[in-house]
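Undergrad: Take a look at the following structure, please.
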Amino acid sequence: MSIVTDYFLNLEKAELHLHLEGSVDPETLVELVADSTIEEMRARYQYTDFLGFLQAYKWVTGLLRTPQDYALITRRLLEKLAAQNVRYAELNLSAGVVLWRSQSLPAIYEAVRIAAAESPVEVNWIFDAVRQFGPEAAMQVAEFAAEFVRDGVAGFGIGGDEARVPARDFAHVFAFAKKAGLHIAPHAGEVSNAQNVWDVLEQGAERIGHGIRAIEDPALLRHLRDNDIPLEISITSNIATGAIASLDAHPVRKLYDAGVPIILNSDDPAMFHTTLTDEYRLAASHFGFSNAELEGLARNSFRYRFAGLSGCESTAL
Ligand code: HPA
Ligand code: ZN
Numbered sequence: 069m070s071i072v073t074d075y076f077l078n079l080e081k082a083e084l085h086l087h088l089e090g091s092v093d094p095e096t097l098v099e100l101v102a103d104s105t106i107e108e109m110r111a112r113y114q115y116t117d118f119l120g121f122l123q124a125y126k127w128v129t130g131l132l133r134t135p136q137d138y139a140l141i142t143r144r145l146l147e148k149l150a151a152q153n154v155r156y157a158e159l160n161l162s163a164g165v166v167l168w169r170s171q172s173l174p175a176i177y178e179a180v181r182i183a184a185a186e187s188p189v190e191v192n193w194i195f196d197a198v199r200q201f202g203p204e205a206a207m208q209v210a211e212f213a214a215e216f217v218r219d220g221v222a223g224f225g226i227g228g229d230e231a232r233v234p235a236r237d238f239a240h241v242f243a244f245a246k247k248a249g250l251h252i253a254p255h256a257g258e259v260s261n262a263q264n265v266w267d268v269l270e271q272g273a274e275r276i277g278h279g280i281r282a283i284e285d286p287a288l289l290r291h292l293r294d295n296d297i298p299l300e301i302s303i304t305s306n307i308a309t310g311a312i313a314s315l316d317a318h319p320v321r322k323l324y325d326a327g328v329p330i331i332l333n334s335d336d337p338a339m340f341h342t343t344l345t346d347e348y349r350l351a352a353s354h355f356g357f358s359n360a361e362l363e364g365l366a367r368n369s370f371r372y373r374f375a376g377l378s379g380c381e382s383t384a385l
């Protein structure tokens, strides 16, 4: 391992945008599915565009049948995070998918929470609804999230296909979630446009999942900077889904230089063949972020968390 590798590995980091279900590696899928092969599982992690990625993601969730399956993938993920010196994580659970499959969200949440409690990584959860499932399904997710707000659920988010249903259709859902004490962290401006970021801001978004299309709107860049609203950036994800055509075209450096708060994240590490450490390394190697700048981004990953780390505030910040 090179010195450079060790530097990014050793940096104390937090993960604020990481989907539990997107962290399941093909080896674990083979354990979960009888008579399957690693080749079959790896082949499923190939896609050419964003909708292909969403299909692959949905397929993985279909293999997670019991609370024990969810506990297993949580343990596996947290082992990997601990090995990267990730001290804190806000993990997205696709609660909307769990409900859509008529699985027991309380049982699954209890299983992942117990699994996470065994890890040295401190964890809080964000319950994600699915945009294209619509407001009624999202409300059910928000209601469950509200039920567990004092039990480790820090936020409410929306993932999926942002082009399908406008954020304003979820206005009552966001309002309910906020009133219940949940923080709001929706995906927006990943594959669509800057207007979608404005739209979730209007609904009270405190962090933006991706939000890279903000680069198309100077007024939005100023708004994010002046209001200290961070973008959860996942460079490898954006290339893998085709959200951005090439590394050279990725706006992370321009967003940073415009003063927009940035956090680096892995998003769906197994599905994008990346790790949080890789994302820091990539920011250095391809986008010229200095070590001091990356240390600042690592500090951001703690600073913009919604909860947690009550006992070690002084070391984290
Ligand atoms: N975008 C939208 N939906 C998702 C993502 C994402 O990055 N990851 C998992 N579901
Ligand atoms: Zn995501």
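To convert a position in the sequence shown, counted from 1, into the numbering used here, add 68. Glycine is no exception: its CB is placed at the ideal position from the N, C-alpha and C atoms.
Could you name the residues of the same chain whose beta carbon sits closer than 7 Å to that of M69, not counting the 5 residues immediately before and after it, in chain order?
TA: Because the pLDDT of M69 is 48, which lies under 50, any placement of that residue in the model is unreliable, and the number read from its coordinates should be weighed accordingly. Closer than 7 Å at Cβ, skipping near neighbours: no residue.
Undergrad: What does DSSP give as the partner residues of V221 in its beta bridges?
TA: Answer is W193.
Undergrad: Provide the residue(s) that pair with V154 in DSSP beta bridges, ordered along the chain.
TA: K81
Undergrad: List in chain order: all unbroken beta strand (DSSP E) runs of 3+ residues lying wholly within the segment 78-140.
TA: 81-87
Undergrad: Using beta-carbon positions only, say whether S334 and T342 come within less than 8 Å of one another.
TA: Going by C-beta atoms, S334 is nearer than 8 Å to T342.
Undergrad: Going by DSSP, what residues sit across from N160 in a beta bridge?
TA: H87, I194
Undergrad: Quick one: Cα of A253 to Cα of I226, how far?
TA: 7 Å
Undergrad: Excluding the 5 residues flanking R143 on each side, which residues of the same chain have their C-beta closer than 8 Å to its C-beta?
TA: A183, E186, S187
Undergrad: Can you say whether V241 is buried or exposed, counting buried as having 16 or more other CB atoms within 10 angstroms of its CB?
TA: buried
Undergrad: Quick one: does the C-beta of D335 sit closer than 7 Å to a heavy atom of ligand 1?
TA: yes
Undergrad: With H, G and I counted as helix, E and B as strand and the rest as coil, what does DSSP make of H291?
TA: Helix.
Undergrad: What residue does the beta strand (DSSP E) around I276 start on, and which one ends it?
TA: 276-278
Undergrad: Taking only the alpha-carbon atoms, compute the straight-line gap between A82 and I312 and give it to the nearest angstrom.
TA: 24 Å
Undergrad: Am I right that R281 and S260 are in contact with their C-beta atoms under 8 Å? What's the rounded C-beta distance?
TA: The pair is a contact, with the Cβ atoms about 6 Å apart (cut-off 8 Å).
Undergrad: Among E158, A205, P286, which one has its Cα closest to the Cα of L145?
TA: E158
Undergrad: Determine which residues share a DSSP beta bridge with E300 and list them.
TA: G277, I331
Undergrad: Exposed or buried, A287, counting other C-beta atoms within 10 Å across all chains shown (16 or more means buried)?
TA: Result: exposed.
Undergrad: Relative to ligand 2, is the shortest distance from any of its heavy atoms to the C-beta of G227 smaller than 7 Å?
TA: yes
Undergrad: Quick check: what's the CA-CA separation for T309 versus H255?
TA: 14 Å
Undergrad: Among the candidates I297, R181, L122, whose CA atom is the shortest distance from the CA of R218?
TA: Minimum Cα distance to R218 is reached at R181.
Undergrad: Since G272 contacts K247 with CB under 8 Å, what's their CB separation in whole angstroms?
TA: Taking a contact as a CB-CB distance under 8 Å, the pair G272 and K247 does not count as one, their CB atoms being some 10 Å apart.
Undergrad: Closest to Y348 by C-alpha separation, out of E363, G164, S172, Q263, would be which residue?
TA: E363
Undergrad: Taking only three categories from DSSP, how would you classify I252?
TA: In the three-state reduction of the DSSP assignment, I252 falls in the strand class, which pools E and B.
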